[in-house]
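Position in the sequence shown counted from 1, then plus 566, gives you the working numbering. Glycine is no exception: its CB is placed at the ideal position from the N, C-alpha and C atoms.
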Amino acid sequence: MALAAGLDPLRLAELEARLQAGPRLSVLTGAGVSAASGVPTYRGGGGGMWRGRRAQDLATREAFVADPALVWEWYDERRRRLAVCQPNPAHATLAVWSRQLSVFTLITQNVDGLHERAGTRNVLRFHGSIWHLRCAGSCWPAPAPWEDLRPALPVLPPRCPACGGLARPGVVWFGEAIEPSVLAAAEAAVDCDLFLAIGTSAVVWPAAGLLAAARACGAFVVEVNPEPTGGSHEVDLVLRGPAEDILPRIRLAPSS
Ligand code: BJW
Ligand code: ZN
567 MALAAGLDPL RLAELEARLQ AGPRLSVLTG AGVSAASGVP TYRGGGGGMW RGRRAQDLAT
627 REAFVADPAL VWEWYDERRR RLAVCQPNPA HATLAVWSRQ LSVFTLITQN VDGLHERAGT
687 RNVLRFHGSI WHLRCAGSCW PAPAPWEDLR PALPVLPPRC PACGGLARPG VVWFGEAIEP
747 SVLAAAEAAV DCDLFLAIGT SAVVWPAAGL LAAARACGAF VVEVNPEPTG GSHEVDLVLR
807 GPAEDILPRI RLAPSS
């Protein structure tokens with residue numbers, strides 16, 4: 567395999583040496599890590615539009631309230647496409663590291679479930695899961711989000727089994743809070759030795775704030791991305807290139 571354009575072997579060696587020291591490793595991933603699996607990114611040339619609408623405009627409570635059937639069509643189409651996507655070498659490499667390092671946390675902004683399908687240990691789903699549903703109404707007591715792995719739901723929009731009202735995707739939309747236990751676990755995980763930000767534009771908060779938070783805790787922060795991002799200015803090392811090319815090149819000693 568040729569080195570990705572612009573990728574300095576010395577930088578790769580630096581990350582490899584740090585990984586081989588057996589660090590407490592935390593990883594933040596974004597849509598770019600799934601790009602090679604055929605999952606569109608949210609912003610930039612990689613995707614983000616559906617029927618002329620921007621993903622950011624569909625992923626809101628306001629859009630759902632205005633037209634739940636339309637928003638569910640978008641999620642239904644994404645679920646059907648995702649069901650045939652496979653984890654790529656970036657997911658596979660992270661899954662191996664998650665088993666080789668004793669202190670490992672993967673914070674993913676992705677809702678696609680591909681890290682879990684690759685067998686990654688200790689995944690925090692920061693923005694929820696497209697494979698989970700929850701009641702969109704004021705069900706009391708609120709049923710816990712439920713998993714539904716069927717690529718095509720039989721009825722759209724789906725209903726809450728408890729109250730018969732609308733169900734919604736179990737994801738975090740703009741303006742919504744991150745699940746408090748997940749946020750707390752992610753904030754704890756920034757206290758690490760090595761923090762990797764992979765395939766994220768680092769423009770969506772509070773996830774974007776985790777890079778600076780990790781650095782403030784003394785972590786060595788590395789960005790893996792073919793393009794500059796909102797976080798590039800606050801990292802210690804940049805590896806410019808696709809995650810699926812870069813991560814499999816890094817060897818982790820079996821003893822670590
Ligand atoms: C490759 C590659 C390859 C390509 N290899 N790389 C502070 C400041 C400013 C704004 C805010 C703020 N705090 C909150 C906000 C508002 C808002 C926000 O951040 N807005 C900004 C956009 C301005 N944040 C929120 O609303 C959050 N909630 C919140 O803060 O609540 C506060 C609250 C507290 C208490 C009570 C109530 C409220 C929630 C954010 C939810 C985000 N949700 C989404 C949708 C999920 C559901 C769905 O999918 O349908 O999450 S939006 C979308 O963006 C999705 C993603 O997880 C997220 C991040 O995107 P990501 O992953 O970075 O993807 P892209 O497309 O942006 O970038 C892809 C990258 O990959 C690029 O860099 C490429 O170069 C790279 N790439 N190929 C490696 N092969
Ligand atoms: Zn309900």
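Outcome for residue i when other beta-carbon atoms lying within 10 angstroms are tallied against a minimum of 16
{"i": "residue 669", "result": "exposed"}
{"i": "residue 652", "result": "exposed"}
{"i": "residue 681", "result": "buried"}
{"i": "residue 792", "result": "buried"}
{"i": "residue 731", "result": "exposed"}
{"i": "residue 567", "result": "Because the pLDDT of residue 567 is 37, which lies under 50, any placement of that residue in the model is unreliable, and the number read from its coordinates should be weighed accordingly. The residue is exposed, with fewer than 16 neighbouring Cβ atoms inside 10 Å."}
{"i": "residue 817", "result": "exposed"}
{"i": "residue 610", "result": "exposed"}
{"i": "residue 638", "result": "buried"}
{"i": "residue 704", "result": "exposed"}
{"i": "residue 600", "result": "buried"}
{"i": "residue 708", "result": "exposed"}
{"i": "residue 628", "result": "exposed"}
{"i": "residue 747", "result": "exposed"}
{"i": "residue 756", "result": "buried"}
{"i": "residue 663", "result": "buried"}
{"i": "residue 540", "result": "The question about residue 540 has no answer, for the chain in this structure spans 567 to 822."}
{"i": "residue 819", "result": "exposed"}
{"i": "residue 821", "result": "Confidence at residue 821 is low in this model, with a pLDDT of 45, below 50, so the placement of that residue should be treated as unreliable; the coordinate-derived value is given next. The residue is exposed, with fewer than 16 neighbouring Cβ atoms inside 10 Å."}
{"i": "residue 733", "result": "buried"}
{"i": "residue 718", "result": "exposed"}
Option in the options with minimal Cα separation from residue i
{"i": "residue 710", "options": "673, 656 and 745", "result": "745"}
{"i": "residue 775", "options": "753, 793, 715 and 802", "result": "753"}
{"i": "residue 723", "options": "682, 811 and 636", "result": "636"}
{"i": "residue 751", "options": "587, 592 and 619", "result": "592"}
{"i": "residue 772", "options": "683, 693 and 813", "result": "693"}
{"i": "residue 803", "options": "673, 770 and 764", "result": "764"}
{"i": "residue 574", "options": "819, 813 and 805", "result": "805"}
{"i": "residue 797", "options": "768, 588, 733 and 590", "result": "768"}
{"i": "residue 749", "options": "674, 590, 654 and 607", "result": "674"}
{"i": "residue 770", "options": "647, 795 and 702", "result": "795"}
{"i": "residue 634", "options": "646, 616 and 702", "result": "702"}
Whole-angstrom distance between residue j and residue i, CA atom to CA atom
{"i": "residue 640", "j": "residue 766", "result": "22 Å"}
{"i": "residue 631", "j": "residue 597", "result": "26 Å"}
{"i": "residue 727", "j": "residue 811", "result": "44 Å"}
{"i": "residue 801", "j": "residue 621", "result": "28 Å"}
{"i": "residue 809", "j": "residue 656", "result": "6 Å"}
{"i": "residue 584", "j": "residue 605", "result": "30 Å"}
{"i": "residue 743", "j": "residue 625", "result": "14 Å"}
{"i": "residue 691", "j": "residue 676", "result": "7 Å"}
{"i": "residue 815", "j": "residue 642", "result": "36 Å"}
{"i": "residue 649", "j": "residue 603", "result": "11 Å"}
{"i": "residue 807", "j": "residue 735", "result": "32 Å"}
{"i": "residue 678", "j": "residue 644", "result": "9 Å"}
{"i": "residue 666", "j": "residue 619", "result": "42 Å"}
{"i": "residue 760", "j": "residue 614", "result": "30 Å"}
{"i": "residue 672", "j": "residue 594", "result": "6 Å"}
{"i": "residue 778", "j": "residue 720", "result": "44 Å"}
{"i": "residue 729", "j": "residue 658", "result": "40 Å"}
{"i": "residue 780", "j": "residue 587", "result": "18 Å"}
{"i": "residue 661", "j": "residue 654", "result": "11 Å"}
{"i": "residue 799", "j": "residue 647", "result": "35 Å"}
Enclosing beta strand (DSSP E) for residue i [first to last residue]
{"i": "residue 764", "result": "760-764"}
{"i": "residue 695", "result": "694-701"}
{"i": "residue 786", "result": "786-790"}
{"i": "residue 592", "result": "591-595"}
{"i": "residue 627", "result": "From DSSP, residue 627 is part of no beta strand (DSSP E) but of the alpha helix (DSSP H) over 627-632."}
{"i": "residue 805", "result": "803-805"}
{"i": "residue 660", "result": "Here residue 660 belongs to no beta strand (DSSP E); instead the alpha helix (DSSP H) covers 655-666."}
{"i": "residue 735", "result": "733-737"}
Residue range of the unbroken alpha helix (DSSP H) whose run includes residue i
{"i": "residue 778", "result": "775-782"}
{"i": "residue 599", "result": "Where residue 599 is concerned, there is no enclosing alpha helix (DSSP H), given that its DSSP letter is neither H nor E."}
{"i": "residue 584", "result": "575-586"}
{"i": "residue 725", "result": "Unbroken run through residue 725: none, as it is neither H nor E."}
Handout entry: Three-pair Cβ contact test at 8 Å for the stretch 574-591 versus the stretch 738-751
Key = no
Practice task
For the stretch 698-713 and the stretch 774-790, state whether three or more C-beta atom pairs, one from each stretch, are separated by less than 8 Å.
Solution key: no
Exercise for the section: Would you check if the stretch 704-721 and the stretch 684-691 touch, i.e. whether three or more CB-CB distances between them fall below 8 Å? Expected result: no
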